[in-house]
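Residue numbers (this note's numbering): 13 to 202.
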């Protein structure tokens, strides 16, 4: 598996053979370029890192149930480490800053702080490989397009975008389509 300077990549499906197949498929995608282009289009220029886990529908369903209380598989989950968005965008496109219950926003020790001289860790993204394949087939394109689209979507969530509003959804889709196009892929969603 190729090394990624800004991504800790894990593949965990049903068996070693499937893991190897997915790792080979992922080696055809410049994942670091997806990160760089997504961040550039969102106006983020600082060096970052993140974790990407490729799993199966059962794995993502367990996480979706545990963390979002939704007992179903999904395509992508994002777990930001940041307490507030770092992207500069209108408030109606962003998730609200998180404040722990009973804690003041300025209370020391309540937020994750990147140590001086270290690269900012944005958080974790989990993607279901079987869902990538199914959605790609349904949309009539290859897994490469779907993977880039969903990975970019996850990155946008990590930096602060939220698609629960129409404004946020449209902003995210616009950036995701631009990432696809800059990587030589055809944009496909409206």
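Note that the Cβ used here is the ideal one computed from N, Cα and C, for glycine as well.
Under 8 Å between C-beta atoms of residue i and residue j
i, j, result
"residue 105", "residue 180", "yes"
"residue 156", "residue 87", "no"
"residue 61", "residue 131", "yes"
"residue 19", "residue 43", "yes"
"residue 187", "residue 64", "no"
"residue 45", "residue 195", "yes"
"residue 109", "residue 96", "yes"
"residue 23", "residue 35", "yes"
Counted within 10 angstroms of its Cβ, other Cβ atoms place residue i as buried (16 or more) or exposed
i, result
"residue 140", "buried"
"residue 92", "buried"
"residue 28", "exposed"
"residue 128", "exposed"
"residue 49", "buried"
"residue 76", "buried"
"residue 182", "exposed"
"residue 184", "buried"
"residue 67", "buried"
"residue 89", "buried"
"residue 83", "exposed"
"residue 143", "buried"
One or two residues paired with residue i in a DSSP bridge
i, result
"residue 135", "92"
"residue 164", "In the DSSP output, where bridge partners are listed per residue, residue 164 has none listed."
Start-to-end residues for the alpha helix (DSSP H) that takes in residue i
i, result
"residue 34", "28 to 38"
"residue 75", "69 to 80"
"residue 192", "178 to 194"
"residue 106", "Note, residue 106: premise wrong, no alpha helix (DSSP H); not H, not E."
"residue 45", "43 to 53"
CB contact check: residue i to chain C, cutoff 8 Å
i, result
"residue 129", "Looking at the structure shown, chain C is missing, and only one protein chain is on hand."
Where the beta strand (DSSP E) containing residue i begins and where it ends
i, result
"residue 256", "Residue coverage of the chain in this structure runs from 13 to 202, which leaves residue 256 outside it and unanswerable."
- Task: Decide if the region 164 to 182 is in contact with the region 133 to 151; the criterion is three or more beta carbon pairs, one per stretch, under 8 Å apart.
- Result: yes
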